[in-house]
Amino acid sequence: MQTPSRHNPVSVTRYLDAVVEVLRSAGVSVVEVDVDLTVSSPVRAQLVTDAGRVLRWREDLGWSTGSRVIEPVSHPGAVARLAVEP
192 MQTPSRHNPV SVTRYLDAVV EVLRSAGVSV VEVDVDLTVS SPVRAQLVTD
242 AGRVLRWRED LGWSTGSRVI EPVSHPGAVA RLAVEP
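Residue numbers (my numbering): 192 to 277.
Given below as structure tokens:
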């Protein structure tokens with residue numbers, strides 16, 4: 192099994208910034224961003240929106256709202272749709 196490529200802190204920050212910006216453009220405010228950059232495990236992030244919806248990201252598994260999942264490096268617009276679609 193091949194190990195997924197690892198992101199560096201700068202690329203993760205840029206990607207998450209782009210996601211937050213697209214969410215803001217869609218009318219969704221992100222009130223909390225938590226990022227876990229641990230050397231021995233995949234990068235993880237959690238975005239909490241003003242409506243209470245939580246978007247979780249893991250660089251090897253993808254984005255999830257709990258009931259829906261999309262690819263790890265999905266376009267920020269696809270991630271925003273997770274936050275606004277039921």
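We put the beta carbon where it would ideally sit given N, CA and C, even for glycine.
Owing to the predicted nature of the structure, the values given are computational and were not obtained by experimental measurement.
{"Check": "Three-way DSSP call (helix, strand, coil) for G218 in this model", "Outcome": "coil"}
{"Check": "Complete runs of the alpha helix (DSSP H) confined to the region 203-253 [at least 4 residues]", "Outcome": "none"}
{"Check": "Beta-carbon contacts of L238 that lie in its chain and below 6 Å, excluding the five residues immediately before and after", "Outcome": "V221, V224 and L246"}
{"Check": "Three-state class that DSSP yields for V260 in the structure shown", "Outcome": "strand"}
{"Check": "Residue range of the alpha helix (DSSP H) that includes P267", "Outcome": "P267 to V275"}
{"Check": "Span separating the alpha-carbon of R244 from that of R272", "Outcome": "12 Å"}
{"Check": "Option nearest S258 by Cα separation, candidates S232, E276 and V264", "Outcome": "E276"}
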